[in-house]
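In the working numbering, the protein residues as written are 20 to 205.
Worksheet: the structure to be examined is printed underneath.
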């Protein structure tokens, strides 16, 4: 018999670290939360060193995600895709900004080729990025895959404003710790 469903979950500790009632008006506040989630994911050995958070127009958390590839035995369970899927389920729409309001994703590291594609269709208006893909590849053994040469321009042309290097050094600290710890790199 074929399996008929996929079950992906966030680790239980996430609920202790995300305050959905708090507003995060500043980009560095948004990124600090994404990086904190990536750090906790490494510390709890519950996935790879990546965290992502979808923020609504009121600057409050709509959904959060951390890398769950190994625990979920699912190659698409990246932090960004987890956050997108959970936000879409919460708001009951496959395209977040179809509701007429702007949404932002803060991600601890530049989206890989898979998450780049998901970002195009998720319905966000802003993308905040901590570490760059070259940081991820230099500090860990992850392969970020191929992206268009002008990937930020591709997103901008689709109405997604990109801000890079938001707390980049802090994001790299988590990547370095994971890389030196020898965690799985899928």
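Glycine is no exception: its CB is placed at the ideal position from the N, C-alpha and C atoms.
query                                                                                                                                                                       : result
Count the CB pairs spanning the stretch 144-161 and the stretch 189-201 that are closer than 8 Å, and state whether there are at least three.                               : yes
When the distance is taken between beta carbons, is residue 123 closer than 7 Å to residue 74?                                                                              : yes
Could you say which of 96, 78, 81 and 62 lies nearest to residue 29 if we only look at CA atoms?                                                                            : 96
Taking the alpha carbon of residue 186 as the reference point, which residue from 47, 144, 42 and 38 has its own alpha carbon closest?                                      : 47
Suppose contacts are defined by Cβ-Cβ distances below 7 Å. Is residue 148 in contact with residue 129 by that definition?                                                   : yes
Name the one or two DSSP bridge partners that residue 85 has.                                                                                                               : 70
Considering only the alpha carbon of each residue, which of 69, 92, 116 and 118 lies closest to residue 84?                                                                 : 69
Keeping to the same chain, check which residues put their C-beta closer than 7 Å to that of residue 80; ignore five residues upstream and five downstream.                  : 37, 39, 72 and 74
Taking the alpha-carbon positions, what's the residue 86 to residue 66 distance?                                                                                            : 5 Å
Could you give the distance in angstroms between the alpha-carbon of residue 56 and the alpha-carbon of residue 33?                                                         : 7 Å
Taking the continuous alpha helix (DSSP H) assigned at residue 166, which residues delimit it?                                                                              : It is not in any alpha helix (DSSP H) - residue 166 carries neither H nor E in the DSSP assignment.
Where does residue 96 sit, in a helix, a strand or coil, going by DSSP?                                                                                                     : coil
Classify residue 50: buried if its beta carbon has 16 or more other beta carbons within 10 angstroms, exposed otherwise.                                                    : buried
Measure from the alpha carbon of residue 99 to the alpha carbon of each residue in 112, 111, 132 and 110, then state which is nearest.                                      : 132
List the whole-angstrom C-beta distance separating residue 91 from residue 22, where the pair is believed to meet the contact cut-off of C-beta under 8 Å.                  : That belief does not hold up - the Cβ atoms of residue 91 and residue 22 are roughly 13 Å apart, past 8 Å.
Going residue by residue through the stretch 110-172, where are the continuous beta strand (DSSP E) segments of at least 3 residues, counting only ones entirely within it? : 123-128 and 145-150
Can you grab the Cα-Cα spacing for the pair residue 88 / residue 94, in whole Å?                                                                                            : 5 Å
With C-beta atoms as the reference, is residue 167 less than 7 Å away from residue 181?                                                                                     : no
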